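Residue numbers (my numbering): 1255 to 1522.
Backbone N, C-alpha and C define an ideal beta-carbon position, used for all residues, glycine too.
A quick note: this is a predicted structure, and the numbers were derived from the prediction, not measured.
Here is the structure we will look at, set down as structure tokens.
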Ligand SMILES: NC(=O)c1ccc[n+]([C@@H]2O[C@H](COP(=O)([O-])OP(=O)(O)OC[C@H]3O[C@@H](n4cnc5c(N)ncnc54)[C@H](O)[C@@H]3O)[C@@H](O)[C@H]2O)c1
């Protein structure tokens, strides 16, 4: 069933083949959307990565283009929005997936730079993109914005202050925008992933191993000991939730923070 037939979606932070951004883009393309794959490009390989993701989707018979966007750079965001309108004529869905783990670490040792990157990417990047896209959604009569927060946007863990504080802020932003733009038929929701196996979680495992908490295999298992479903999440578990929230299947959902976490921390 083509739940997103005729829709156009922009996805941020979608360069990595195992990441949630690319999964969201792929699942939306499979559901009939035309997708714009974006990520920050700081070296030639980064441009090659986003182009490879878009080519992968086109090779599978879907419509996709790649554009370089650092979400902290308004000029790049505006250029992306203009090019999307030129190319596809509209923007129906924005998946704000880009995120930075810079704010993970011991609170007393966190630097200004760690706080600044966390805020600039995890909160301000979403603000920047929403300000550029919402006027187009308003003109088109509606849209769906999905923000990738975290289970750490709903509850806390030690040694995650910069990440946790900004992912909480993203939930507040999501709820505010849902209230403010519901009148324009724009739905704004957050996804709160638990432990999803991506390059970011590989880094998380490394942190625990380096802290002497066990071998790679032990730490990898320990991190999902409390997950009710007993396994790591897959990026596609998030991609499926994105399609649900983006499509008319989620037509009366706005301002929601949806945990996609296999039952981890169900008591929150
Ligand atoms: N992996 C997990 O278990 C987990 C859990 C909860 C939430 N999340 C969130 O999910 C999202 C996706 O993470 P992932 O695990 O798929 O890892 P990932 O590393 O594949 O995705 C993060 C992406 O954000 C991009 N990014 C960082 N700074 C950027 C900037 N300034 N401009 C544009 N792009 C930028 C990175 O290049 C990367 O492609 C993130 O927001 C992350 O915080 C991840």
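Query - Pairwise C-alpha distance: residue 1459 and residue 1473 - result: Rounded to the nearest angstrom, the two C-alpha atoms are 6 Å apart.
Discussion item. Suppose the cutoff is 7 Å on Cβ atoms and the five residues either side in sequence are ignored; what does the same chain contact list for residue 1373 look like?
Written reply: 1420.
Tell me the rounded alpha-carbon separation between residue 1376 and residue 1485.
Distance between residue 1376 and residue 1485, taken at the CA atoms: about 26 Å.
What residues in its chain sit with their C-beta under 6 Å from that of residue 1361, if we drop five residues either side in the sequence? Around residue 1361, the same chain offers 1415 as residues with beta carbons nearer than 6 Å, after the five sequence neighbours per side are excluded.
Are three or more beta carbon pairs between the segment 1347-1359 and the segment 1417-1437 nearer than 8 Å?
By the C-beta criterion, the segment 1347-1359 is judged to be in contact with the segment 1417-1437, since at least 3 inter-stretch pairs fall below 8 Å.
Span of the alpha helix (DSSP H) around residue 1491: According to the DSSP assignment, residue 1491 belongs to the alpha helix (DSSP H) that extends over 1489-1500.
**Study point:** residue 1457 - containing beta strand (DSSP E), residue span
**Key:** From DSSP, residue 1457 is part of no beta strand (DSSP E) but of the alpha helix (DSSP H) over 1453-1464.
Identify which residue in 1255, 1385, 1389, 1424 has its Cα closest to the Cα of residue 1404. Nearest neighbour of residue 1404 by Cα position, chosen from 1255, 1385, 1389, 1424, turns out to be 1424.
Exercise. Residue 1331 lies in the alpha helix (DSSP H); which residues open and close that run?
Worked result: Here the alpha helix (DSSP H) through residue 1331 covers 1328-1342.
- Message: Among 1517, 1456, 1281, 1387, whose alpha-carbon lies nearest the alpha-carbon of residue 1311?
- Response: It is 1281 whose Cα lies nearest to the Cα of residue 1311.
For this session: Could you tell me how far apart the beta carbons of residue 1323 and residue 1348 are, in whole angstroms, since I believe they sit closer than 8 Å?
Result: Contact between residue 1323 and residue 1348 is ruled out by a C-beta separation of about 12 Å, above the 8 Å threshold.
Assess contact between the segment 1389-1403 and the segment 1437-1450, defined as three or more Cβ pairs (one per stretch) separated by less than 8 Å. Is contact present?
Yes, they touch.
Applying the criterion that 16 or more other CB atoms from any shown protein chain within 10 Å of the CB defines a buried residue, is residue 1306 buried or exposed?
-> Classification of residue 1306: exposed, given that the 10 Å Cβ count is below 16.
| request: Would you identify the three-state DSSP class for residue 1288, choosing helix, strand or coil? | output: Assigned with DSSP and collapsed to three states, residue 1288 falls in strand.
Is it buried or exposed for residue 1491, if we count other Cβ within 10 angstroms and need 16 for buried?
Under this definition residue 1491 is a buried residue.
Worksheet item: Which residue from 1435, 1291, 1316, 1446 puts its Cα closest to that of residue 1389?
Response: If we check each option's Cα against that of residue 1389, 1435 comes out closest.
The segment 1290-1307 in contact with the segment 1318-1336 per 3-pair CB rule at 8 Å:
As far as the Cβ criterion goes, the segment 1290-1307 touches the segment 1318-1336, which means the pair count is three or higher.
* Asked: Who are residue 1522's beta bridge partners in DSSP?
  -> According to DSSP, which records beta bridges pairwise, residue 1522 is partnered with nothing at all.
Query raised in the report: In terms of alpha-carbon separation, which member of 1493, 1461, 1339, 1499 lies closest to residue 1413?
Result: Of 1493, 1461, 1339, 1499, the residue nearest in Cα terms is 1461.
### Message
Just checking: is the beta-carbon of residue 1384 within a distance shorter than 8 Å of some beta-carbon in chain B?
### Response
The chain inventory of the structure shown lacks chain B, comprising one protein chain alone.
Between the CA atoms of residue 1480 and residue 1489 - distance to the nearest angstrom: When only Cα atoms are considered, residue 1489 and residue 1480 end up about 19 Å apart.
Heavy atom of ligand 1 within 7 Å of residue 1499 beta-carbon: Because no heavy atom of ligand 1 lies under 7 Å away, the Cβ of residue 1499 does not count as near it: no.
**Q.** Residues bridged to residue 1293 (per DSSP)
**A.** Residue pairing for residue 1293: DSSP places it in a beta bridge opposite 1322.
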